[in-house]
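Residue numbers (the UniProt record's numbering): 1 to 598.
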């Protein structure tokens, strides 16, 4: 129907496949050329040797090409016996190479009789080459359509390349069947129908076709020129190229959306479809029938959907929190600008390539995978996890995840809305640190010490292990504050903590119980060992010095009360009372000493 310039469509039709040179023929021409070169240099023995070496090299290259070719390859004698076959043909025909080398082409030929096959061989000897289609029978009985390119060599052998065209032939038959089915189907539609005589360039249009454009039954469009003129200028190139490609056999069907001008000069979107229903003896298209479908409502719906998508995209991109969508396999489908900033990547493609999981700290990846699995099962969930950005930044994120479902209610993807909770985590960490560790000395607070000590005591009682505990108090601490100021007192407390950490083991637990009073718990330590540690600590503290602001070097001393587990039913409170009593005995006995509770 396109062509008002019908001859243009057919002038530019490509040659049929059977007339185009193939890679197979090029290989054969190369081989023949090499043989001619060899003969030309036979006049010199030295030249002959060089040529033989070159020939062997090129022959090896050709052999490699043949062996790696996807097409089959034969060498046969004048009686049709196989002399050589490549792996591709063995795979194609289902025989082993050793089997084929003991066979004749007549054994696989499924279209030509033995007599016709022999005459065909004789004909190729006369002409030197031939290209034809035939059928070969596989070992399992299945018949293949084969395209053969054969060349007769001066050595009396035939060199043949074979290409399996079974699928192409089947497609051609199916296409013809579909053309007839389509013809009958369109007769019962309510769409506009057109019928184009390609040779005369005359066209007929159904009543419905005219109604779509606002014309009456009496209005006529005898040729396709009027149709061409009514195509929107922006669509003309696309429509004419689609028609050209279809008529030339380059496209399987003519299907195109375009705008056509109505009687009132406004444009209407149409879906044009058509197929050739009649060919000439030379394969030239003679007649084409097709339909026009009014796309006005669909285009309006598409425009509305487009606007909705743009609206959602604007919300998606402007959302200050990270929004991400994951596939059922965990692949990142989309992420907004806020999410890119959190991951410190420049674009969605980079994030997709890395994968969202790669940004999550390894220790939290199992929890995230479990959340993803739960969401894909239809549940919602919340998870906190740390991520490491591409440029090294570390953030804590909190994701609220929910499943996305299709119209049938099936979960198709994972939607996560993620916010940055780094500041909240830092604040939470600071609160925990304040609850656990004394702000001045860095040792455990009373509450955290009691918590840790209770666990160690329970462990010692459960397994029957030793455990010692002592209370430590700075002697005359009030006098230090009164004489040198509270800042000096703070420095003394800090120095005490430093010395304790130097003397004690990592498993030992120290806590600041009161102003200048400390408790120390020693796991796996009996009373004698505890007394030794306490004395070593007291001595080290006695040797410590603190430089106060006045420039003086200040020393201080401590008194220590020590106790240990005496029975398996003792509580931490009892041990603390015992150690505290021993501490006061040490103070009453002159201070700067260790007293063991008895």
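Glycine is no exception: its CB is placed at the ideal position from the N, C-alpha and C atoms.
Asked                                                                                                                             : Found
Ordered list of beta strand (DSSP E) runs contained in the UniProt domain "PAC" (254 to 307), each at least 3 residues            : 254 to 261, 267 to 279 and 285 to 294
As assigned by DSSP and simplified to three states, the class of residue 386                                                      : strand
Contacting residues, own chain, Cβ-Cβ under 6 Å from residue 294 (five flanking each side not counted)                            : 212
Contact the segment 469 to 479 vs the segment 554 to 564: 3+ CB pairs below 8 Å                                                   : yes
Straight-line gap, residue 582 to residue 383 (C-alpha atoms, nearest Å)                                                          : 50 Å
Distance, residue 132 Cα to residue 48 Cα                                                                                         : At residue 48 the pLDDT is 47, less than 50, meaning the model places this residue with poor confidence and gives no usable figure here.
Spatial distance of residue 469 from residue 512 (CA atoms)                                                                       : 14 Å
Residue 505 in three-state terms, based on DSSP                                                                                   : coil
Sequence-distant residues of the same chain with beta carbon closer than 6 Å to residue 152, five excluded per side               : 124, 125, 128 and 158
Chain-order list of residues whose beta-carbon lies under 8 Å from that of residue 216 (same chain, five-residue window excluded) : 210
Cβ neighbours of residue 87 in the same chain (closer than 8 Å, five flanking residues each side left out)                        : 67 and 97
Buried versus exposed, by CB contacts within 10 Å (16 or more), residue 292                                                       : buried
Rounded Cβ spacing between residue 335 and residue 348 (contact assumed at less than 8 Å)                                         : 6 Å
Among 533, 548, 433 and 240, nearest to residue 484 - alpha-carbon criterion                                                      : 548
Between the CA atoms of residue 577 and residue 493 - distance to the nearest angstrom                                            : 23 Å
Assigned secondary structure, residue 451 (DSSP; H/G/I helix, E/B strand, else coil)                                              : helix
Residue from 145, 150, 265 and 364 with nearest C-alpha to residue 122                                                            : 150
Rounded straight-line distance, which links the Cα of residue 138 to that of residue 130                                          : 23 Å
Residue 519 versus 431, 505, 453 and 103, residue with shortest Cα-Cα distance                                                    : 453
Length of the line joining the Cα atoms of residue 246 and residue 277                                                            : 13 Å
CB contact flag (residue 441, residue 496, <9 Å)                                                                                  : yes
Pick from 573, 458 and 232 that is closest to residue 523, judged by C-alpha positions                                            : 458
Residue closest to residue 287, alpha-carbon to alpha-carbon, out of 274, 298 and 297                                             : 274
Sequence-distant residues of the same chain with beta carbon closer than 7 Å to residue 166, five excluded per side               : 144 and 145
Residues near residue 264 in its chain [Cβ-Cβ closer than 8 Å; skip 5 each side]                                                  : 214
Proximity winner among 269, 423 and 116, relative to residue 259 (alpha-carbon distances)                                         : 269
DSSP three-state assignment for residue 212, whether helix, strand or coil                                                        : helix
Classification of residue 95 by the beta-carbon crowding that lies within 10 angstroms, buried from 16 upward                     : buried
Whole-Å CB distance - residue 415 paired with residue 325, under 8 Å assumed                                                      : 6 Å
Distance between residue 430 and residue 424 (C-alpha atoms, nearest Å)                                                           : 10 Å
Local Cβ density within 10 Å of residue 566, reported as buried at 16 or more and exposed below that                              : exposed
Limits of the beta strand (DSSP E) - the one that residue 518 falls within                                                        : 517 to 523
Through-space distance from residue 539 to residue 443, alpha-carbon basis                                                        : 20 Å
DSSP-derived helix/strand/coil call for residue 407                                                                               : coil
Cut-off 7 Å between Cβ atoms - residues of its own chain near residue 456, not counting five sequence neighbours on either side   : 467, 509, 521 and 523
Residue 395 burial status per 10 Å Cβ neighbour count (16 or more: buried)                                                        : buried
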